[in-house]
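Numbering (my numbering), first residue to last: 537 to 943.
Shown next as structure tokens:
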């Protein structure tokens with residue numbers, strides 16, 4: 537009977553995901569109460585205890601994207617094709633939907649230390665994603681530099697989004713972790729499909745109210761998918777640092793106490809090599825690898841570079857650490873939530889990625905279950921989703937963290 541009611545509701549045009557969730561919870565609660573009553577007999581204390589334990593259970597919702605080997609979305613799967621495991625134990629699926637639904641997304645724009653053409657590139661990419669939204673989708677814009685600003689509420693108005701995005705200005709500082717946290721906070725109470733789109737290099741400088749760990753933890757507690765559009769800024773940062781050192785050879789490049797390179801005095805001015813977007817492929821410094829020593833030689837304002845073999849200097853070591861942390865954070869927070877990292881190489885490639893993200897958000901399967909582990913200890917739990925279809929590839933959040941303190 538439960539399956540019939542849910543299955544019929546899923547077939548009715550216009551039934552939203554929130555209605556499906558409410559229906560699933562009500563049916564589950566009624567079924568549990570009935571079973572508890574049957575076993576409890578006339579013992580009200582026992583019945584109350586059983587009801588309380590089950591009604592306090594939390595529905596764990598797992599958005600899942602299923603594609604074939606060519607990356608095409610597989611749209612004809614049924615509940616029986618899915619299996620969900622939590623910490624290795626198979627869970628009973630209580631909620632399953634495959635209905636195309638609108639989404640809420642927060643666009644997070646990194647406006648820190650951006651020259652005019654670089655800021656315009658970020659603005660153009662954010663608006664390109666906004667053009668993929670449909671009237672029923674809702675977007676919010678958040679920007680950050682030395683402070684985090686919420687520029688809009690959730691809205692379907694492209695004009696409002698464009699005004700907010702075009703109004704962003706370059707600033708100093710880089711409170712990236714705080715911006716990620718703010719975006720996730722705005723999605724916690726939103727029903728439906730949720731996403732965060734990060735437009736940044738992933739580098740954080742001096743966030744006070746958030747860390748990489750706290751931002752990752754919030755992502756684990758929030759049922760939102762995080763996508764990152766990563767900009768390569770290392771070559772520009774390194775060029776500026778080395779230019780400053782050349783101009784002041786008598787002084788050392790100053791480093792902050794936390795080991796990160798500060799912003800040279802002229803940052804926020806013209807790029808060492810203005811590129812715009814899409815750029816002619818600028819020389820870039822790859823993270824890691826076999827490279828040794830100071831990797832950049834500044835010849836003039838156009839910033840020619842040569843690879844050298846001297847031992848790594850302080851600038852190289854600092855930037856290796858800073859950008860290694862940034863890449864690691866972007867990869868971790870996106871993979872844990874079922875998202876992806878896209879590198880902003882060309883405008884056409886990134887535009888195609890935006891279309892894929894929007895389509896993916898609308899076409900995900902939603903699988904829900906009540907965990908057999910009823911403890912609310914706040915510890916991370918691994919999730920694995922499997923699909924019984926040859927050649928199917930599944931991408932879903934890799935785990936979650938239940939709210940601590942509730943029993």
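In this text, a Cβ means the ideal position worked out from N, Cα and C, and glycines have one as well. If you're wondering where the values come from, they're calculated on a predicted model, not measured in any experiment.
DSSP state of residue 919 mapped onto helix, strand, coil: strand
Residue 937 - containing alpha helix (DSSP H), residue span: Counting along the chain, residue 937 falls outside any alpha helix (DSSP H), and DSSP gives it neither H nor E.
Cutoff 8 Å; reference residue 927; Cβ partners in own chain excluding five residues on either side: 604 and 605
Residue 837 burial status per 10 Å Cβ neighbour count (16 or more: buried): Confidence at residue 837 is low in this model, with a pLDDT of 39, below 50, so its placement is unreliable and no value can be given for it.
Distance cut-off 7 Å: residue 616 Cβ against heavy atoms of the ligand PLP: Although the ligand PLP was asked about, the structure shown includes no ligands whatsoever.
Bridge partner(s) assigned by DSSP for residue 694: In DSSP, residue 694 forms no bridge with anything.
Assigned exposure category for residue 721 - 16 Cβ within 10 Å defines buried: exposed
First through last residue of the beta strand (DSSP E) which encompasses residue 851: Counting along the chain, residue 851 falls outside any beta strand (DSSP E), though it belongs to the alpha helix (DSSP H) covering 850–873.
Nearest-angstrom Cβ-Cβ length linking residue 701 and residue 677, presumed shorter than 8 Å: 6 Å
Host beta strand (DSSP E) of residue 603 (start-end): 595–603
Boundaries of the beta strand (DSSP E) in which residue 878 is found, first to last residue: 877–879
Neighbourhood of residue 714 by C-beta distance below 6 Å, restricted to the same chain and skipping five residues each side: 684, 743, 745 and 746
Collapsed DSSP secondary structure at residue 629 in the structure displayed: strand
Burial state of residue 671 (16 or more Cβ within 10 Å): exposed
Candidates 774, 871 and 706: closest to residue 857 by CA position: 774
Where residue 616 sits in the DSSP three-state scheme: helix
Residue environment, residue 770, which counts as buried when at least 16 other CB atoms sit within 10 Å: buried
Residues near residue 764 by beta carbon distance below 6 Å, same chain, minus five either side: 734, 866, 870 and 877
Which of helix, strand or coil DSSP assigns to residue 743: coil
For residue 642, the nearest candidate out of 902, 630 and 897 (CA to CA): 897
8 Å Cβ shell around residue 753 - same chain, five flanking residues per side excluded: 937
For residue 665, the three-state DSSP class (helix, strand or coil): helix
Residues bridged to residue 764 (per DSSP): 734 and 877
Buried versus exposed call for residue 667 [16 or more other C-beta atoms within 10 Å across all chains shown]: exposed
Best match in 633, 636, 625 and 687 for proximity to residue 647 [C-alpha to C-alpha]: 687
Neighbourhood of residue 609 by C-beta, 8 Å cutoff - its chain only, sequence neighbours within 5 removed: 601, 602, 603, 895, 896 and 899
Residue 903 and residue 598 closer than 8 Å at C-beta: yes
Secondary structure of residue 728, DSSP reduced to three states: coil
Spatially closest choice to residue 723 from 740, 621, 756 and 661, by CA coordinates: 756
Of the listed residues 632, 730, 618 and 893, nearest to residue 505 (C-alpha basis): This structure cannot speak to residue 505, because the chain is shown only from 537 to 943.
Beta-carbon spacing of residue 915, residue 934 below 8 Å: no
Beta-carbon proximity of residue 737 to residue 862, cut-off 8 Å: yes
Exposed unless 16 or more other CB atoms sit within 10 angstroms - verdict on residue 891: exposed
Spatially closest choice to residue 901 from 659, 615 and 776, by CA coordinates: 615
8 Å Cβ cutoff met for residue 697 and residue 905: no
From 940, 907, 887 and 932, residue whose alpha carbon lies closest to that of residue 661: 887
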